[in-house]
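Some notes on the structure that comes next.
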Amino acid sequence: MQHTASPEAPPCWLCFDSTRPPARPRPCGRIALNILVVEDSERLREALTRGLGAAGFTVDTAADGVAACQHLDSYDYELALLDLGLPRKDGLAVLRHVQNRAQRPRVLVLSARDQVADRVGALNQGADDYLVKPFAFDELLARLHALARRPQEARPLHLVAGALNLDPRARLVEVDGQPLSLTPREYALLELLLRHRGRVFSRAEILDRLAGGAADVSDRSVEVLVFWLRHKLGQVGLKTLVETRRGAGYLIA
Ligand code: CA
5 MQHTASPEAP PCWLCFDSTR PPARPRPCGR IALNILVVED SERLREALTR GLGAAGFTVD
65 TAADGVAACQ HLDSYDYELA LLDLGLPRKD GLAVLRHVQN RAQRPRVLVL SARDQVADRV
125 GALNQGADDY LVKPFAFDEL LARLHALARR PQEARPLHLV AGALNLDPRA RLVEVDGQPL
185 SLTPREYALL ELLLRHRGRV FSRAEILDRL AGGAADVSDR SVEVLVFWLR HKLGQVGLKT
245 LVETRRGAGY LIA
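In our numbering, the protein residues as written are 5 to 257.
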């Protein structure tokens with residue numbers, strides 16, 4: 005898309021969401037959407053960069069999953085175009101990484117994996133759309149435009165840690181796609197720690213958040229709660245998910 009500074013120019017679709025704080029103004033003074041292209045094929049990566057740049061996007065690229073996560077941790081992107089078969093870290097792992105961010109881009113998976121199970125798996129892990137290679141560039145553009153117009157709050161937020169996927173709306177926990185049965189308080193503790201990954205919660209804080217000062221709950225109850233949550237997580241291979249910081253409390257790193 006060619007931008008011009010002419011006052012007669014029609015409104016630019018890129019500016020439809022001017023309340024978001026994107027980043028880099030285009031030469032014409034309008035705002036471009038930031039997109040991260042994650043693709044290990046150099047040829048395709050360069051072609052996408054050229055095509056999306058010409059369509060008005062501000063494009064960053066990553067050639068592997070680790071670099072993708074570093075970009076996603078360092079910058080805010082409105083959109084991400086994500087290959088699944090990537091060196092160093094698989095695209096699904098990048099997808100799970102994205103889910104835990106407060107500001108996450110809308111993700112379009114662009115993959116040669118064309119089975120229904122691949123598409124369903126990626127969408128269940130939080131992808132917003134899925135396009136199979138080989139693809140028509142016009143269709144890719146149309147889908148990106150549609151994603152960019154989608155309201156932020158319409159996207160479901162899942163909390164993900166490795167193979168574990170927690171859906172706060174449904175209050176469901178799955179590990180490798182299999183439901184994990186938890187009591188309401190075990191679930192609440194897991195959701196609390198997942199929502200604040202990397203933060204240590206003391207027993208007193210956990211008591212306050214989960215029990216609201218209920219008389220039947222004590223410090224000892226928190227220890228028992230953590231024990232049983234760990235026990236159930238251990239049965240599905242996630243024994244070390246909830247960590248103890250001696251003298252401080254518990255966290256999911
Ligand atoms: Ca690939």
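No residue lacks a Cβ here, since even glycine has one placed at the ideal position from N, Cα and C.
Assuming residue i and residue j make a contact with CB atoms under 8 Å, what is their CB distance in whole Å?
i, j, result
"leucine 76", "histidine 101", "7 Å"
"serine 151", "glutamate 143", "The residue you asked about is not serine; residue 151 is leucine in the sequence shown. In fact, because the Cβ distance is near 13 Å, the residues do not count as touching under 8 Å."
"alanine 121", "leucine 88", "No, alanine 121 and leucine 88 are not in contact; Cβ-Cβ is about 12 Å, not under 8 Å."
"leucine 3", "arginine 147", "Since the first residue of the chain shown is 5 and the last is 257, residue 3 is not available in this structure."
Tell me, which residues are paired with residue i by DSSP?
i, result
"glycine 253", "Arg249"
"leucine 163", "Leu170"
"threonine 65", "Val41"
"leucine 135", "Leu114"
"glutamine 182", "Val179"
"leucine 83", "Ile39, Arg110"
"phenylalanine 205", "Tyr254"
Expressed to the nearest angstrom, what Euclidean distance is found between the alpha-carbon atoms of residue i and residue j?
i, j, result
"proline 183", "tyrosine 191", "12 Å"
"aspartate 44", "leucine 170", "30 Å"
"leucine 211", "valine 70", "37 Å"
"valine 240", "leucine 233", "11 Å"
"aspartate 118", "leucine 163", "26 Å"
"glycine 253", "aspartate 68", "35 Å"
"glycine 57", "asparagine 128", "30 Å"
"aspartate 132", "aspartate 80", "17 Å"
"valine 4", "glycine 95", "There is no way to answer for residue 4, as the model of the chain reaches only from 5 to 257."
"phenylalanine 141", "glycine 60", "14 Å"
"glutamate 46", "leucine 52", "10 Å"
"arginine 154", "proline 172", "21 Å"
"arginine 54", "arginine 108", "24 Å"
"phenylalanine 139", "histidine 149", "16 Å"
"leucine 214", "leucine 145", "45 Å"
Which same chain residues end up closer than 7 Å to residue i when comparing Cβ atoms and leaving out the 5 residues on each side of it in sequence?
i, result
"leucine 293", "A query on residue 293 cannot be resolved here, the shown segment of the chain reaching from 5 to 257 and no further."
"proline 25", "A caution first: proline 25 carries a pLDDT of 36, below 50, which makes its placement in the model too unreliable to give a value."
"leucine 194", "Leu170, Val177, Leu186, Leu233"
"alanine 165", "Leu198, Leu245, Ile256"
"alanine 167", "Val179, Asp180"
Closer than 8 Å by C-beta to residue i: which residues in its own chain qualify, once you throw out the five before and the five after it? Chain order, please.
i, result
"valine 98", "Val42, Gly69, Ala72, Cys73, Leu76, Leu86, Leu90"
"aspartate 64", "Asn38, Ile39, Leu40, Val41, His75, Tyr79, Tyr81"
"glutamate 227", "Arg207"
Which same chain residues, not among the five before or five after residue i, have their C-beta less than 6 Å away from its C-beta?
i, result
"alanine 116", "Lys137"
Inset, instruction - Name all residues in chain order for which at least one heavy atom of ligand 1 lies closer than 5 Å to the residue's CB. - result: Asp44, Asp87, Gly89
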